[in-house]
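A.B. asks: Numbering (this note's numbering), first residue to last: 10 to 265.
All C-beta atoms, glycine included, are put in the ideal place defined by N, C-alpha and C.
Have a look at the structure that comes next, please.
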């Protein structure tokens with residue numbers, strides 16, 4: 010299998026590990042299909058509250074696999090199929106964390122950027138490597154980068170194709186947290202456990218509102234916020250949140 014699943018049911022955290030270390034976890038059609046299927050299953054599994062995306066071996070993901078493939082198929086169909094994990098990740102309603110070490114290049118970096126949070130080891134290196142291969146951006150990079158760093162920075166990363174260190178990526182706002190390599194698992198687990206203990210419905214609503222905010226005017230955003238609070242106030246989790254506040258204890262959210 011090209012995707013390894015580690016389900017920590019007690020905490021609600023599911024780790025999906027890209028497992029093609031001999032190819033630096035490059036994404037081919039088989040890996041793409043497995044990742045889409047794993048995300049679909051995680052979406053439908055109530056016990057999964059958070060998904061962590063990781064890479065096996067000495068790096069996160071080197072991008073798309075440029076070797077092999079079925080030459081009888083039109084390249085547009087192949088590109089649409091191999092890009093489905095980026096679409097699935099964008100549609101995924103639950104919180105996601107990218108656990109990045111080593112190289113995250115091209116589609117690999119954009120796959121990480123498609124997660125809600127990125128935690129990187131201090132040895133991580135990032136690159137929009139497409140231009141070095143005579144290619145243009147894919148895996149959502151043309152949409153993600155301008156929204157995360159602004160148009161000019163996005164052009165710098167995409168058109169020059171230079172490598173960026175973990176510290177530089179954090180300074181640009183493309184990495185949330187950088188830790189020593191030996192502390193990476195603990196740092197990811199810390200945030201994953203906080204998210205897994207949170208209210209699933211409210212988290213999903215907040216995530217979607219933030220992602221769609223760029224297409225809205227301010228007053229439209231306010232109206233959606235008001236409607237969303239009506240949904241939250243009808244849930245048991247919100248009532249539990251208020252009870253926990255008055256009883257001075259941690260809430261126990263169940264996603265209902």
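Per the DSSP calculation, residue 24 is bridged to which residue(s)?
C.D. replies: Stepping through the chain shown from its first residue, residue 24 is reached at position 15. 15, 61, per the DSSP bridge assignment.
A.B. asks: Flag this pair as touching only if the region 93-109 and the region 33-47 have three or more C-beta atom pairs under 8 Å; answer yes or no.
C.D. replies: The region 93-109, when compared against the region 33-47, does touch it at the 8 Å Cβ threshold.
A.B. asks: If you pair each beta-carbon of the region 222-235 with each one of the region 159-175, do three or more pairs fall below 8 Å?
C.D. replies: No, the region 222-235 does not touch the region 159-175.
A.B. asks: Runs of 4 residues minimum, wholly inside the region 85-114: which ones carry the alpha helix (DSSP H) assignment?
C.D. replies: Fully enclosed alpha helix (DSSP H) runs of 4 or longer: 93-100.
A.B. asks: Kindly identify the DSSP beta-bridge partner or partners of residue 135.
C.D. replies: Numbered from 1 along the chain shown, position 126 holds the residue referred to as residue 135. Paired residue(s): 113, 173.
A.B. asks: Would you check if the region 200-207 and the region 15-26 touch, i.e. whether three or more CB-CB distances between them fall below 8 Å?
C.D. replies: The region 15-26 vs the region 200-207: in contact.
A.B. asks: Mind checking residue 189: buried by the 16 CB within 10 Å criterion, or exposed?
C.D. replies: Looking up residue 189 in the chain shown gives position 180. Result: exposed.
A.B. asks: Just verifying my parser: in three-state terms, what is the DSSP assignment at residue 186?
C.D. replies: The residue you call residue 186 lines up with position 177 of the chain shown. In the structure shown, residue 186 sits in a strand (DSSP, three-state: E or B).
A.B. asks: Are the region 127-141 and the region 178-185 touching, with three or more C-beta to C-beta distances below 8 Å?
C.D. replies: The region 127-141 is in contact with the region 178-185.
A.B. asks: What three-state label does DSSP hand residue 272 in the structure shown?
C.D. replies: This structure leaves residue 272 out entirely; the chain is present only between 10 and 265.
A.B. asks: In terms of residue numbering, what span does the alpha helix (DSSP H) encompassing residue 236 cover?
C.D. replies: For this step, residue 236 is matched to residue 227 along the chain shown. Its alpha helix (DSSP H) spans residues 227-242.
A.B. asks: Let's see if you can read the secondary structure: which residues bound the alpha helix (DSSP H) around residue 69?
C.D. replies: Locating residue 69 in the chain shown gives position 60, where the first residue counts as 1. No alpha helix (DSSP H) contains residue 69, which DSSP labels as neither H nor E.
A.B. asks: Would you report the Cα separation of residue 66 and residue 264, rounded to the nearest angstrom?
C.D. replies: Looking up residue 66 in the chain shown gives position 57. Looking up residue 264 in the chain shown gives position 255. Roughly 35 Å separates the two Cα atoms.
A.B. asks: Mapping the DSSP letters down to three states, classify residue 129 as helix, strand or coil.
C.D. replies: The sequence position of residue 129 within the chain shown is 120, counting from 1. Correct three-state label for residue 129: strand.
A.B. asks: What are the boundary residues of the alpha helix (DSSP H) that includes residue 140?
C.D. replies: The count along the chain shown starts at 1 and reaches residue 140 at position 131. It is not in any alpha helix (DSSP H) - residue 140 carries neither H nor E in the DSSP assignment.
A.B. asks: For residue 287, I'd like the list of residues in its chain whose CB is within less than 8 Å of its CB, leaving aside the five on either flank, ordered along the chain.
C.D. replies: Nothing about residue 287 can be read from this structure; the chain reaches only from 10 to 265.
A.B. asks: Apply the 10 Å Cβ neighbour rule to residue 151 and answer buried if 16 or more other Cβ atoms are within range, or exposed otherwise.
C.D. replies: Numbered from its first residue, the chain shown carries residue 151 at position 142. Under this definition residue 151 is an exposed residue.
A.B. asks: According to the neighbour-count rule (16 or more other Cβ atoms, all chains shown, within 10 Å of its Cβ), is residue 137 buried or exposed?
C.D. replies: As a working mapping, residue 137 is identified with position 128 in the chain shown. Buried.
A.B. asks: Quick check: the region 131-145 against the region 194-203, are there 3 or more CB pairs under 8 Å?
C.D. replies: Too few Cβ pairs lie closer than 8 Å, so no.
A.B. asks: Under 6 Å Cβ to Cβ from residue 33, same chain only, skipping five residues before and after it: list those, please.
C.D. replies: Residue 33 sits at position 24 when you count from the first residue of the chain shown. So the list reads 68, 71, once near-sequence residues are dropped.
A.B. asks: For residue 86 and residue 35, I'd like the C-alpha separation in whole angstroms.
C.D. replies: Counted from its first residue, the chain shown places residue 86 at position 77. Counted from its first residue, the chain shown places residue 35 at position 26. Cα to Cα, the separation comes out at about 19 Å.
A.B. asks: Identify the continuous alpha helix (DSSP H) that holds residue 51 and give its terminal residues.
C.D. replies: If you number the chain shown from 1, residue 51 lands on position 42. That run of the alpha helix (DSSP H) goes 38-52.
A.B. asks: Kindly list the residues whose CB is nearer than 6 Å to the CB of residue 26, restricted to its own chain and excluding five residues on each side of it in sequence; keep chain order.
C.D. replies: Walking along the chain shown from the start, residue 26 turns up at place 17. The residues are 13, 63, 65.
A.B. asks: Within 10 Å of its beta-carbon, does residue 103 have 16 or more other beta-carbons around it, so buried, or fewer, so exposed?
C.D. replies: In the chain shown, counting from the first residue as 1, residue 103 sits at position 94. Under this definition residue 103 is a buried residue.
A.B. asks: Name the residue from 246, 255, 107, 244 whose alpha carbon lies nearest to the alpha carbon of residue 196.
C.D. replies: As a first step, residue 196 must be located in the chain shown, where it is residue number 187. Ranking the options by Cα distance to residue 196, first place goes to 107.
A.B. asks: Using the Cα positions of residue 98 and residue 148, report the straight-line distance between them to the nearest angstrom.
C.D. replies: Residue 98 sits at position 89 when you count from the first residue of the chain shown. Residue 148 sits at position 139 when you count from the first residue of the chain shown. Going from the Cα of residue 98 to the Cα of residue 148 covers about 11 Å.
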